[in-house]
Amino acid sequence: MNEQAVLVNLQGITKSFGNTTAVHPLDLTIAQGEFLAILGPSGCGKTTLLLMIGGFLRPTAGTIHIGGSDVTQLGPERRPTNMVFQGYGLFPHMTVAQNIAYGLRVSRTPQNEVRERVRAAMDLVHLEGFDDRKVSQLSGGQQQRVALARALIMRPDALLLDEPLAALDLKLRKAMQDELRRIHSSTGGTFVFVTHDQEEAMGLATRICVMEGGRIVQDGRPEEIYSAPNTRFVSTFIGEANVMAGRRAGGLVTLNAGVVFENEGQDELVVCVVRPEKMRIAATRDDPAFAEVHAILSGRLLDVVFLGPHVKYSIAVEGDSPLTVISSDMEMRNRLSIGDDVAVAWCLHDQRVLSDQ
Ligand SMILES: Nc1ncnc2c1ncn2[C@@H]1O[C@H](COP(=O)(O)OP(=O)(O)OP(=O)(O)O)[C@@H](O)[C@H]1O
Ligand SMILES: [Mg+2]
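Quick note, this note's numbering runs 3 ahead of the 1-based positions in the sequence shown.
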């Protein structure tokens, strides 16, 4: 946690539905101004957690403080939060301006102020000129902007977003990610963003909480989570990873694929995780490209995929599943053909050795 003021503080928050525990007791603090992504696979409890922060769902146990006040028993309308739901939940028969103004009208804000704030909110999400359009006549991306404007106009201390971009095509999603980043920095607000898309979380958030089975299994900056995953699950869920099985005994790890290296820790089954871009490939073990590396394996080239600036290789190795290497060395690519004997290598400081739970 950094030195910024704590805005949201969850203590022992848990939610059960009958016999199912959707969220196991967890503590979480969110600082003022953070862009926090809650990332995890379908069913891991992301929406449940967000609904509890927003006051749409009562926790089974635990407390929620926002801005120092205990809001655990308060409904959504009495919390300084606002939520953008998946599917947006707009009123189809109303115009864009009416949708955006809705919250202010309910709170009986004076007419003039409503008009001004609707205009400002529409400018913020680039919806100028759409005032009188029915939302049913808008594209998905435009509806998304209306939903955002409708939440932002209430000037929430924390904006809660539940997979807001999931329904958009790739290009529009990328554009909206840029918009969200811009809106976050121009409003200085706190965003809590739920997604199951790791790339989206990495690109947007200043901090990521990875959830698995109703628990936060890792919490950190995107680059920390990518370069130092805590568990096998996190290493494969966030980005691509080579996961090689092995065993540690007496401070020595032996991988099933044949590499042996020193590694302190208890005697147990382990996995050695190496990102594809941290692995190198060459035709032979004595290639000069391997001068500085510490671990080398022999294999056979199974597949080569050209990805524009990179080449992705798949290599069969004895004793473990195929490895993936991503390289930008186009010369090497010209020297290797599918079916060739090849060598792959990596530096020990680029690997993570994790207990194989
Ligand atoms: N109202 C409910 N009644 C019973 N079980 C529920 C209810 N809401 C959620 N659950 C269960 O709680 C777990 C977590 O659900 P949640 O909707 O929070 O997952 P999620 O991470 O948002 O998933 P997704 O990515 O698919 O939206 C799931 O097993 C789900 O079936
Ligand atoms: Mg969900």
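Every residue gets a Cβ at the ideal spot worked out from N, C-alpha and C, and that includes glycine.
Near ligand 2: residue i beta-carbon under 7 Å from a heavy atom
{"i": "E203", "result": "no"}
Per-residue DSSP class, three states only, for residue i
{"i": "Y316", "result": "strand"}
{"i": "I156", "result": "coil"}
{"i": "M205", "result": "helix"}
{"i": "I33", "result": "strand"}
{"i": "A252", "result": "strand"}
{"i": "T98", "result": "strand"}
{"i": "I69", "result": "strand"}
{"i": "S139", "result": "helix"}
{"i": "M214", "result": "strand"}
{"i": "I186", "result": "helix"}
{"i": "A298", "result": "strand"}
{"i": "R111", "result": "coil"}
{"i": "N5", "result": "With a pLDDT of 47 at N5, under the threshold of 50, the modelled position of this residue cannot be trusted; read the value that follows with caution. Correct three-state label for N5: coil."}
{"i": "A170", "result": "coil"}
{"i": "N22", "result": "coil"}
{"i": "R283", "result": "strand"}
{"i": "N337", "result": "helix"}
{"i": "T75", "result": "coil"}
{"i": "P325", "result": "strand"}
{"i": "D222", "result": "strand"}
{"i": "Q14", "result": "strand"}
{"i": "L151", "result": "helix"}
Proximity test, residue i beta-carbon vs ligand 1 heavy atom, cut-off 7 Å
{"i": "F20", "result": "yes"}
{"i": "A25", "result": "yes"}
{"i": "C212", "result": "no"}
{"i": "S188", "result": "no"}
{"i": "G57", "result": "no"}
{"i": "G65", "result": "no"}
{"i": "G43", "result": "yes"}
{"i": "G216", "result": "no"}
{"i": "C350", "result": "no"}
{"i": "H297", "result": "no"}
{"i": "G46", "result": "yes"}
{"i": "H199", "result": "yes"}
Cβ separation of residue i and residue j, assumed to be a contact under 8 Å, to the nearest whole Å
{"i": "T75", "j": "T66", "result": "5 Å"}
{"i": "R278", "j": "V296", "result": "Not really, about 14 Å apart at Cβ, beyond 8 Å."}
{"i": "L29", "j": "I219", "result": "6 Å"}
{"i": "A346", "j": "R303", "result": "11 Å between Cβ atoms; not a contact."}
{"i": "F240", "j": "P44", "result": "7 Å"}
Pick from the options that is closest to residue i, judged by C-alpha positions
{"i": "D344", "options": "F94, G48, E321", "result": "E321"}
{"i": "T32", "options": "A252, A100, V195", "result": "V195"}
{"i": "L53", "options": "F240, L272, G70, V26", "result": "V26"}
{"i": "A178", "options": "V9, R148, Q201", "result": "R148"}
{"i": "R82", "options": "G90, Q89, I69, F88", "result": "I69"}
{"i": "M97", "options": "G90, Y91, Y105", "result": "Y105"}
{"i": "R185", "options": "D200, A208, G90", "result": "A208"}
{"i": "T327", "options": "P312, L351, M247", "result": "M247"}
{"i": "R235", "options": "P44, E37, C275, E265", "result": "C275"}
{"i": "A152", "options": "F88, P113, E215", "result": "F88"}
{"i": "E280", "options": "Q7, C350, E267, F133", "result": "C350"}
{"i": "N245", "options": "D200, I329, L339", "result": "I329"}
{"i": "P325", "options": "E243, L13, V237", "result": "E243"}
{"i": "S363", "options": "Y91, P95, E80, G90", "result": "Because the chain is modelled from 4 through 360, residue 363 falls outside the range shown and cannot be assessed."}
{"i": "N337", "options": "D353, V307, H352", "result": "V307"}
{"i": "Q180", "options": "V262, P95, G206, P159", "result": "G206"}
{"i": "S317", "options": "A285, A298, D290", "result": "A285"}
{"i": "G311", "options": "G254, M333, A150", "result": "M333"}
{"i": "T23", "options": "Q114, T51, S230", "result": "T51"}
Whether residue i touches residue j by CB criterion (8 Å)
{"i": "G138", "j": "N102", "result": "A small correction: the amino acid at residue 138 is Val; Gly does not occupy that position in the sequence shown. In this structure, N102 lies closer than 8 Å to V138 by Cβ."}
{"i": "V213", "j": "L42", "result": "yes"}
{"i": "L162", "j": "G192", "result": "yes"}
{"i": "A100", "j": "D126", "result": "no"}
{"i": "D165", "j": "V197", "result": "yes"}
{"i": "L155", "j": "A124", "result": "yes"}
{"i": "F293", "j": "A204", "result": "no"}
{"i": "K18", "j": "L60", "result": "yes"}
{"i": "V256", "j": "L357", "result": "no"}
{"i": "V11", "j": "I56", "result": "yes"}
{"i": "P232", "j": "I211", "result": "no"}
{"i": "G268", "j": "L258", "result": "no"}
{"i": "Q146", "j": "L183", "result": "no"}
{"i": "L300", "j": "A319", "result": "no"}
{"i": "G71", "j": "G217", "result": "no"}
{"i": "N266", "j": "M157", "result": "no"}
{"i": "R7", "j": "G46", "result": "The question names Arg, but residue 7 in the sequence shown is Gln. No, Cβ-Cβ distance for Q7 and G46 is not below 8 Å."}
{"i": "R355", "j": "S238", "result": "yes"}
{"i": "R108", "j": "V121", "result": "no"}
Below-8 Å beta-carbon distance, residue i vs any chain D residue
{"i": "T50", "result": "No chain D is part of this structure, which consists of one protein chain only."}
Residues with C-beta closer than 7 Å to any heavy atom of ligand 3, in chain order: As presented, the structure is devoid of ligand 3, carrying ligand 1 and ligand 2 as its sole ligands.
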